[in-house]
Structures are given as C-alpha cells and as structure tokens.
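Going by this note's numbering, the residue at position 9 of the sequence shown is 4; the numbering climbs one at a time, nothing skipped.
Where is the CB? At the ideal position from N, CA and C, for every residue including glycine.
In what follows, a single structure is set out as structure tokens and then discussed.
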Amino acid sequence: MSLFREKLEKCAREKESRVILALDLSLPVGEKDFKKKLLKKARWVLSEVSEYVAGIKVNFQLLLPLGLFDGLQLLIRDASGYGLPLIADFKLNDVEHTNEWASRHFFDAGFDALIANPFVGWKGGLETVFGVAKKSERGVILLVYMSHPGANEGYGQRVVGEDGTISFQYEVFAERAKSWGADGVVVGATQPKMVERVYQIVGRKIPIFSPGIGIQGGVISEAFRAGTTYAIVGRSIYESEDPRKAAVEIKEKINEVVK
Ligand code: XMP
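This is the structure in structure tokens:
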C-alpha cells in the first residue's frame, strides 16, 4: 500500500471522517489583492475543517492564481502540518513525457496523490505516471465514471473487448485500476448504480472516491450504501457560512451509514 493510502486511512480513522474537502475557492481575477485574499480564505477554510476531514483536494481554482511553487506552498505546508493528505486534481490526460513531467512537479511540490484519466491508456500514457508515483510512494487515482450528465458519452459507452465481449467503458477502467495498481477510483456519487458496479469489480482493495454530493445532486446514503469509501465535497462546505459546521454535518451523515 502506498504511503498516500496509509496517510489517508490513518486520517480517516483518527478523525472518524470519510470527507475529502475539494478546496476550489475562487475570487474575481481583477479584484485588488485577489491572490492574497484567496490564499487567506483557503487557509482559513482549511483551518476550520482540518479536524473533520480525511484529506484535501486541490484543483485549478487555486493552482492557476497561486502557482505550484509559489503561494500554493503555504497551503501545502498547512495541510502537511495538519497531517492531511493532499490530492492534485488536474486529471492528467496527455502523452507520457508531459504526464511524467507534471507528476514529478506535483509530487515535488508536496502532493501525496494525483488524479489521472485512464482514457489515455498505459503505454505512452500513464505507465510512467504510475512509475513515478510508485518510486516516491505517492498515489494515483483514476477517473472511472465522472459525476456530470455527459459522463455517459465517454465512461458509459459500450466497448468490445479483444475476445469480443461487450462491456461498459467504466467497467474496463475499474478492471484497469486493479491491474495497474491504482490507489483509488473516482465514481460520481450522482451515479450510485455505477458505484455499486465498480465496487463489485474493485471490492475493498481500491477505495472509491465520489464527488457530486450536495450541489450536483448526489445523496450520501445512496452512494455509501453502494460502496463509496470517501466523499469529495466542495461547495457545500466552503460556500457555507460556517464551513466547520457543514463539514461536521456531512461527516456525521456519512458515519450514520457506514457504522
Ligand atoms: P462540489 O463543489 O461539486 O465539488 O462538491 C466537487 C469537486 O470534485 C470535482 N469533481 C470531480 N472530480 N471526477 C473528479 O475527479 C468527477 O467526476 C468529478 N466531479 C466533480 C470538482 O472539480 C470539484 O473539485
């Protein structure tokens, strides 16, 4: 098991939380001192919820204005100080040399895991990403079925295997997550049936991360009963007047289902 998974499981146990905070705060680019304000707000939200979440996920909303080796470093240090694993959600989706370059940067910057898109395949796509992650004991999480309605157009397609068997693309990706040694799979909480099917394939070996709870319409009880291991939650927490209270409420709702 990668250090990332050990760290995540330890946090989840100690904090009794299956919530991953998606810290996607943003401010209008033209606003005076927007970078300073954005960093301050992100650090404040993190400090408010650090006791009630199992990990943090960062997306372009913070990376682009703050910069990986610039402002974002303060937030990365905060997360590390709270002992929280940090996931880079930039959905790596390119050819090998670019993917490898990006992975090294994310890991060197202090991220514990990254999310990648299995559509690019193994050879010349994600092979080196898994290699870099393995060497540094970081994690790779694969998109298996995304949470938005159009996910069906890609992840939900029927595909014909080499032996002529027909399956859904996301079933193939769930199998690949096992054979490639992924540290997690993303399946939208908006699709409890897909969560259930992916759980049948990956079992308890690979944690299922489900975004889409709350604003996107996913329901905690349905997702966790179907097999979700961690809920990825953004706006319902950081847009709340009281992010701490929102995080506690979500964590407790999940615990009612999983305990
Ligand atoms: P909200 O505000 O909807 O944020 O709670 C959800 C977070 O998760 C990301 N997201 C996804 N990430 N696969 C992913 O890897 C998905 O299917 C997916 N859907 C949403 C979103 O970018 C945000 O950070």
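Residue interval of the alpha helix (DSSP H) (run including residue i)
{"i": "Asp73", "result": "67 to 76"}
{"i": "Ser216", "result": "215 to 221"}
{"i": "Lys248", "result": "238 to 253"}
{"i": "Glu191", "result": "187 to 197"}
Where the beta strand (DSSP E) through residue i begins and ends
{"i": "Gly50", "result": "50 to 53"}
{"i": "Ile82", "result": "81 to 87"}
{"i": "Phe204", "result": "203 to 206"}
{"i": "Ala226", "result": "225 to 228"}
{"i": "Val180", "result": "179 to 182"}
Distance cut-off 7 Å: residue i Cβ against heavy atoms of ligand 1
{"i": "Asn54", "result": "yes"}
{"i": "Asp84", "result": "yes"}
{"i": "Arg135", "result": "The sequence as given places Val at residue 135; Arg does not occur at that position. No."}
{"i": "Leu138", "result": "yes"}
{"i": "Gln186", "result": "no"}
{"i": "Arg230", "result": "yes"}
{"i": "Val181", "result": "yes"}
{"i": "Gly209", "result": "yes"}
{"i": "His143", "result": "yes"}
{"i": "Ala218", "result": "no"}
{"i": "Pro206", "result": "yes"}
{"i": "Ile227", "result": "yes"}
{"i": "Ile110", "result": "yes"}
{"i": "Asp107", "result": "no"}
{"i": "Asp19", "result": "yes"}
Same chain only: Cβ atoms within 8 Å of residue i, ignoring 5 sequence neighbours per side
{"i": "Phe85", "result": "Asn54, Phe55, Leu58, Ala97, Phe101, Leu109, Ile110"}
{"i": "Arg220", "result": "Pro187, Val252"}
{"i": "Phe106", "result": "Val53, Ile71, Leu81, Ile82, Ala83, Arg133"}
{"i": "Val24", "result": "Pro60"}
{"i": "Lys129", "result": "Ser(-3), Gly176"}
{"i": "Lys173", "result": "Ile196, Val197, Lys200, Ile201"}
{"i": "Arg99", "result": "Val127"}
Cβ-based neighbour list, residue i, same chain, cut-off 6 Å, excluding 5 preceding and 5 following
{"i": "Gly213", "result": "Ala184, Thr185, Gly207"}
{"i": "Gln152", "result": "Gln164"}
{"i": "Leu(-2)", "result": "Glu132"}
{"i": "Tyr47", "result": "Ser12, Ala242, Val243, Lys246"}
{"i": "Pro113", "result": "Leu137, Phe168, Arg171"}
{"i": "Tyr194", "result": "Gly222"}
{"i": "Gly264", "result": "The shown model of the chain, from -4 to 254, leaves out residue 264, and the question about it has no answer."}
Contacting residues, own chain, Cβ-Cβ under 7 Å from residue i (five flanking each side not counted)
{"i": "Ser30", "result": "A quick correction: the sequence has Lys, not Ser, at residue 30. Excluding positions up to five away in sequence, the list reads Pro60, Leu61, Gly66."}
{"i": "Glu166", "result": "Arg192, Ile196"}
{"i": "Ile210", "result": "Arg230, Ser231"}
{"i": "Arg0", "result": "Gly134, Asp178"}
{"i": "Glu95", "result": "Thr123, Val124, Val127"}
{"i": "Glu217", "result": "Pro187"}
{"i": "Gly78", "result": "Cys6"}
{"i": "Glu176", "result": "For the record, residue 176 in the displayed sequence is Gly; it is not Glu. So the qualifying residues of the chain are Phe125."}
Taking 8 Å as the cut-off, does the segment 134 to 152 touch the segment 179 to 188 (at least 3 CB pairs, one atom from each stretch)? yes
Report the residue ranges of all beta strand (DSSP E) runs contained in full by the segment 10 to 44; include only those spanning at least 3 residues, in chain order. 14 to 17
Restricting to runs no shorter than 3 residues, where is the beta strand (DSSP E) found entirely within the segment 130 to 170? 134 to 140, 153 to 155, 161 to 163
Tell me, please, whether the segment 17 to 25 touches the segment 224 to 243 by the rule of three or more beta-carbon pairs shorter than 8 Å. yes
contact_flag[the segment 41 to 55, the segment 68 to 81] where n(CB pairs < 8 Å) is 3 or more: yes
Continuous alpha helix (DSSP H) assignments of at least 4 residues falling wholly in the segment 93 to 137: 122 to 130
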